[in-house]
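Here the structure comes first, spelled out in structure tokens, and everything after it is commentary.
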Amino acid sequence: VNANEAPNGDPSLHLVNPEARGAPTEEATGDPAALRRPDEREQAAIELMARVARGDEKAFEDLFRLFSPTVLGIVRRVLRDPAQSEEVTQEVFVEVWRTATRFDAQRGAVGSYISTLAHRRAVDRVRSEQAHTNRQDKVASETSTIGLDLVEGTVLDEVESDLIGRRVRSALETLTELQREAIELAYYRGYSYPQVAQLLDVPLGTVKTRIRDGMIRLRDQLGVNA
Amino acid sequence: MITNDHLLAGPYALDAIDGDELNAFEDHLDDCATCTLEVSGFRETASLLAQAVAQPVPSGLLNRVMAEVRTTPQLPPLPAPSTEVTADTGPRSLPTPPNDVEPEADHGHAEPESDQPDNVVPFRSRILTRTPSIKRMKEAFGFDPKIGIKDALRKSIDFFVEEHKALEKVVETEG
Numbered sequence: 042v043n044a045n046e047a048p049n050g051d052p053s054l055h056l057v058n059p060e061a062r063g064a065p066t067e068e069a070t071g072d073p074a075a076l077r078r079p080d081e082r083e084q085a086a087i088e089l090m091a092r093v094a095r096g097d098e099k100a101f102e103d104l105f106r107l108f109s110p111t112v113l114g115i116v117r118r119v120l121r122d123p124a125q126s127e128e129v130t131q132e133v134f135v136e137v138w139r140t141a142t143r144f145d146a147q148r149g150a151v152g153s154y155i156s157t158l159a160h161r162r163a164v165d166r167v168r169s170e171q172a173h174t175n176r177q178d179k180v181a182s183e184t185s186t187i188g189l190d191l192v193e194g195t196v197l198d199e200v201e202s203d204l205i206g207r208r209v210r211s212a213l214e215t216l217t218e219l220q221r222e223a224i225e226l227a228y229y230r231g232y233s234y235p236q237v238a239q240l241l242d243v244p245l246g247t248v249k250t251r252i253r254d255g256m257i258r259l260r261d262q263l264g265v266n267a
Numbered sequence: 042m043i044t045n046d047h048l049l050a051g052p053y054a055l056d057a058i059d060g061d062e063l064n065a066f067e068d069h070l071d072d073c074a075t076c077t078l079e080v081s082g083f084r085e086t087a088s089l090l091a092q093a094v095a096q097p098v099p100s101g102l103l104n105r106v107m108a109e110v111r112t113t114p115q116l117p118p119l120p121a122p123s124t125e126v127t128a129d130t131g132p133r134s135l136p137t138p139p140n141d142v143e144p145e146a147d148h149g150h151a152e153p154e155s156d157q158p159d160n161v162v163p164f165r166s167r168i169l170t171r172t173p174s175i176k177r178m179k180e181a182f183g184f185d186p187k188i189g190i191k192d193a194l195r196k197s198i199d200f201f202v203e204e205h206k207a208l209e210k211v212v213e214t215e216g
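Top to bottom, those sequences are chains A and B.
Heads up: the first sequence begins at 42 in my numbering, then just goes up one per residue.
Heads up: the second sequence begins at 42 in my numbering, then just goes up one per residue.
This is the structure in structure tokens:
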């Protein structure tokens with residue numbers, strides 16, 4: 042019943058192989074176990090959330106450092122506009138702060154909670170802004186205009202997110218083209234599935250099933266316990 | 042339409058449904074444990090899709106967030122489980138907490154509840170607040186399991202294994 046009960050077993054599964062740092066080619070298609078949510082990190086995130094729930098600002102900063110790159114990344118994918126993306130990222134984290142008191146780890150991973158929140162916010166913003174013009178103009182400027190003064194992550198985080206990036210990309214490659222396109226348009230571009238159907242010129246029902254089939258495949262490829 | 046509802050788990054987890062269809066699917070989720078589980082797995086998958094596009098965060102953002110956080114009160118923790126079977130009836134006002142209430146970290150036992158105004162927790166996270174509850178079953182129908190879930194699972198599995206063996210024997214003897 043609880044999708045979260047990842048086995049608490051072998052912690053070595055969750056460590057980034059030191060060799061992986063220099064060798065991006067080799068392990069990208071390795072076993073999905075290494076991508077399973079690292080239990081210790083999730084445990085740490087849960088503890089941070091509990092401290093945040095008690096009003097601990099320091100813990101909140103740590104939580105921000107941990108998840109803001111993902112939040113900004115996905116929001117920016119959907120919104121494209123850097124300034125708006127930062128605004129939404131801010132909204133998301135303020136919301137996390139407000140609602141941390143009600144977060145229940147039994148019901149989902151911290152990261153999943155936060156990115157669900159982030160994606161939804163971004164999508165809401167896009168859809169409420171029927172002025173698509175704004176967004177289209179920004180398509181070209183996708184390359185980072187972000188300043189150099191960056192929040193520092195640890196090397197491990199970078200390696201790990203790199204690793205996840207590669208695994209996700211190789212998992213996406215196992216989908217049929219229609220599945221992959223439909224999922225990317227929906228998730229990374231924030232389109233509704235009827236809009237996806239229109240863009241891909243396929244019937245609604247087809248898009249519905251392709252998205253679901255593709256997500257099942259991705260989930261299994263990426264070793265998400267469900 | 043109803044029979045096709047479960048197909049929407051994919052689009053739903055990617056925030057790709059709107060309007061009436063969204064509401065209908067969320068109603069469907071209330072009754073469909075399979076979809077609920079599926080959505081949760083898809084969301085976790087989607088969060089990996091998000092991590093895959095993570096990008097560096099300008100430090101000014103942290104400062105702005107912290108500045109806002111310092112002036113933003115946190116919600117009180119969820120009220121103790123109520124026996125009332127609540128339906129999602131839209132926005133309701135939250136009980137006003139006394140000023141001295143300290144938010145509690147212990148949210149492990151919170152029951153699914155729905156009296157959060159839509160603006161409090163994003164409505165999409167409704168799914169995160171949905172947990173099958175034996176307690177509710179007990180209250181509603183007097184169902185009171187005597188066997189723990191682990192034992193029950195083991196017994197069920199044994200039963201199916203035995204049954205399967207028995208079936209194989211039948212097939213063998215018939216063949």
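Beta carbons are placed, not taken as given, at the ideal position from N, Cα and C, and that holds for glycine.
Item	Value
8 Å CB neighbourhood of V167/A in its chain, flanking five on each side removed	V119, L120, R176 and G231
For V123/A, the three-state DSSP class (helix, strand or coil)	The identity of residue 123/A in the sequence shown is Pro, whereas the question assumes Val. Here P123/A sits in helix by DSSP.
Chain A contact for S88/B (CB, 7 Å cutoff)	yes
Chain B contacts made by the region 236-250 of chain A, where a contact means CB separation under 9 Å	Q236, V237, G246, V248, K249 and T250
Chain-ordered chain A contacts of I58/B [CB-CB under 7 Å]	S233 and Y234
Residues near R221/A by beta carbon distance below 6 Å, same chain, minus five either side	L213
Expected contact under 8 Å - CB spacing of M256/A and I224/A to nearest Å	7 Å
Contact between the region 71-82 of chain B and the region 48-58 of chain B (3+ Cβ pairs under 8 Å)	yes
Euclidean distance between Cα positions of L240/A and V93/A	42 Å
Given S109/A as reference, the closest of K99/A, R95/A, A159/A and R208/A once Cα atoms are compared	A159/A
Under the three-state DSSP convention, the category K196/B falls into	helix
Minimum Cβ-Cβ distance from L107/A to chain B less than 7 Å	no
Contact with chain A by T113/B, beta-carbon distance below 7 Å	yes
Chain A within 7 Å of G51/B, Cβ atoms only	yes
Three-state class that DSSP yields for N266/A in the structure shown	coil
Host alpha helix (DSSP H) of A50/B (start-end)	A50 to A54
Rounded distance between the beta-carbons of R251/A and L219/A, thought under 8 Å	5 Å
Presumed contact (8 Å Cβ cut-off) between R253/A and T215/A, rounded CB distance	Actually they do not touch by this definition, with Cβ atoms about 16 Å apart.
Selection from A150/A, D80/A, L113/A and M90/A that minimises the alpha carbon distance to A93/B	L113/A
Closer than 7 Å to chain A by CB, I198/B	no
Assigned secondary structure, D61/B (DSSP; H/G/I helix, E/B strand, else coil)	helix
For Y232/A, the three-state DSSP class (helix, strand or coil)	coil
Residue closest to P235/A, alpha-carbon to alpha-carbon, out of I198/B, K187/B and E62/B	E62/B
F66/B at chain A interface by Cβ criterion, 7 Å	no
Contact test: L113/A Cβ vs the ligand MN heavy atom, cutoff 6 Å	Only the bare structure without any ligand can be found here, which leaves the ligand MN out of the picture.
Contact list for E98/A against chain B, beta-carbon separation under 9 Å	M107, V110 and R111
Top-ranked residue by Cα proximity to D203/A, from H69/B, L89/B and V98/B	L89/B
Beta carbon proximity, P118/B to chain A, threshold 7 Å	yes
Inter-residue Cα distance where the pair is F66/B and G101/B	40 Å
Option in L49/B, A108/B and E203/B with minimal Cα separation from D68/B	L49/B
Start and end residues, alpha helix (DSSP H) containing I87/A	D80 to A94
Candidates E127/A, T130/A and I155/A: closest to T140/A by CA position	I155/A
Straight-line gap, S197/B to K191/B (C-alpha atoms, nearest Å)	10 Å
Beta-carbon neighbours of R195/B, restricted to chain A and to distances below 9 Å	What R195/B touches in chain A: nothing, since even the nearest Cβ is about 16 Å away.
For F144/A, three-class secondary structure by DSSP	coil
Contacting residues, own chain, Cβ-Cβ under 6 Å from S86/A (five flanking each side not counted)	The amino acid occupying residue 86/A in the given sequence is Ala; Ser does not appear at that position. Only V151 meet the Cβ criterion.
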